[in-house]
Amino acid sequence: MFLTLIVSSVKFNVWRFLVHIHVTPKLEDAIVLLEGTSSDCLISLVPEDELMRRAARITAGAFDFDGTLTTGSQWRAIDDLMPEVLRELGSQNRDWYWSHLHKIGNLPASVLDPDWFHSDLHEGNQKVAEGAWIAETISLYRQAGLTRRDIEDVWLALPQREGACDLLELVDPRVVISFGVEQVILSWLQNLQVVDTAVAALRLKFNEEGVVSGCHINLVVSETKQFAADRFRQITGVAEDQLLVVGDSVVDVHMMHPRGFNILIVPRAEADKKLAGFRTNGIGVMWDRLTAILVSDSLQPLVELIERARATHAT
0 MFLTLIVSSV KFNVWRFLVH IHVTPKLEDA IVLLEGTSSD CLISLVPEDE
50 LMRRAARITA GAFDFDGTLT TGSQWRAIDD LMPEVLRELG SQNRDWYWSH
100 LHKIGNLPAS VLDPDWFHSD LHEGNQKVAE GAWIAETISL YRQAGLTRRD
150 IEDVWLALPQ REGACDLLEL VDPRVVISFG VEQVILSWLQ NLQVVDTAVA
200 ALRLKFNEEG VVSGCHINLV VSETKQFAAD RFRQITGVAE DQLLVVGDSV
250 VDVHMMHPRG FNILIVPRAE ADKKLAGFRT NGIGVMWDRL TAILVSDSLQ
300 PLVELIERAR ATHAT
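Here is the structure:
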């Protein structure tokens, strides 16, 4: 079934988006809805009244970066700064990781196959693989001679997703937790004038000439996003049910507390790819943590949902 978020005006706030709210707690029903919808919508795992009550309690936010706040990829943007041969090596590592994440490959015919182990990424080895990927990537940056200025200017290639700044400014305190580069994200936030935002991400090191030389050994990878989110709540004192978490992929489940307000954004252009993940149960590992799925290229419907919830469920 679906309900409709009516366009309305409260306290001079006008909600421009007409967003259908489909309510279903079942993954299989969500797949059908995603296959059948041709417009922006919100697929809620909880009844609409509960959704609005919980949205009204939101005070703080934790956000993924690539594909969530920006429509771009900082890894690809940095790769584009390198010579072609190094760029290709970076792409190979990245593509291998994403193509093997949460996927079980076919068993090789024999253990004498040279790739009998390396052809599969076991879930228990994921953090190790991500650390190795980072080490390999930084090695490429060093070979390319990338500088601090190069890294900080990457923000220019990362357009904000519509509504991103509005959403960030709607919550305080707030944090960006990313399997990405701290300096890139800080520069992006500064240039978009979204100040006083905490960041947990890979911190690059630079030598005396300002060239990439390494990174801080306390890495932020997929599973350690949980530790960053937990520490953020501990330091700020934010309750679990006051925290909005927004991400665009299965790796963001690690930021999501069961009692939080957890949103997966599915951009329209990526709906087919996300559907493939749903069908292969790639999304199954995060389904029970989700509050809703936003099917849209914009974060503005989420902004307006929270504003409407606050206006109609004020305590």
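Here numbering that gives the first Met the number 0 is used: position 51 in the sequence shown is 50, and no number is missing along the way.
The beta carbon of each residue, even a glycine, is placed where N, CA and C say it ideally should be.
| Query | Result |
| --- | --- |
| Which residues mark the beginning and the end of the alpha helix (DSSP H) in which R53 is found? | 47–55 |
| Report, in whole angstroms, the separation of the C-beta atoms of V245 and G259, which I expect to be a contact under 8 Å. | About 10 Å; that fails the 8 Å criterion. |
| From the DSSP output, in three-state form, read off V244 for me. | strand |
| Can you tell me which of K224, V302, L263 puts its alpha carbon nearest to the alpha carbon of L293? | L263 |
| Tell me whether N261 is buried or exposed, calling it buried when 16 or more other Cβ atoms sit within 10 Å of its Cβ. | buried |
| Note the first and the last residue of the continuous beta strand (DSSP E) segment covering L253. | Position check: residue 253 holds His in this sequence, whereas Leu was assumed. H253 -> no beta strand (DSSP E), and no H or E assigned at all. |
| Who pairs with A61 in a beta bridge, going by DSSP? | V174, V244 |
| Residues in its own chain within less than 7 Å of T51 by CB, not counting five upstream and five downstream? | According to the sequence provided, residue 51 is Met. The question's Thr does not apply to it. Only A308, T311, H312 meet the Cβ criterion. |
| Which residues mark the beginning and the end of the beta strand (DSSP E) in which A291 is found? | 291–294 |
| Bridge partners of G213, per DSSP? | K204 |
| Would you call the segment 158–178 and the segment 113–126 in contact, with 3 or more CB pairs under 8 Å? | no |
| Can the beta-carbon of L85 be found less than 8 Å from the beta-carbon of A131? | no |
| Between which two residues does the alpha helix (DSSP H) carrying S138 extend? | 125–143 |
| Within the same chain, show all residues whose beta-carbon is closer than 7 Å to that of F11, passing over the 5 residues directly before and after it, in chain order. | Annotation note: pLDDT 34 at F11 (below 50); position unreliable, no value reported. |
| Assuming S43 is part of the beta strand (DSSP E), what are its boundary residues? | 40–43 |
| For the beta strand (DSSP E) holding H315, just list the boundary residues, first then last. | Nothing about residue 315 can be reported from this structure: the residues present for the chain run from 0 to 314 only. |
| List the residues that DSSP assigns as beta-bridge partners of F260. | L243 |
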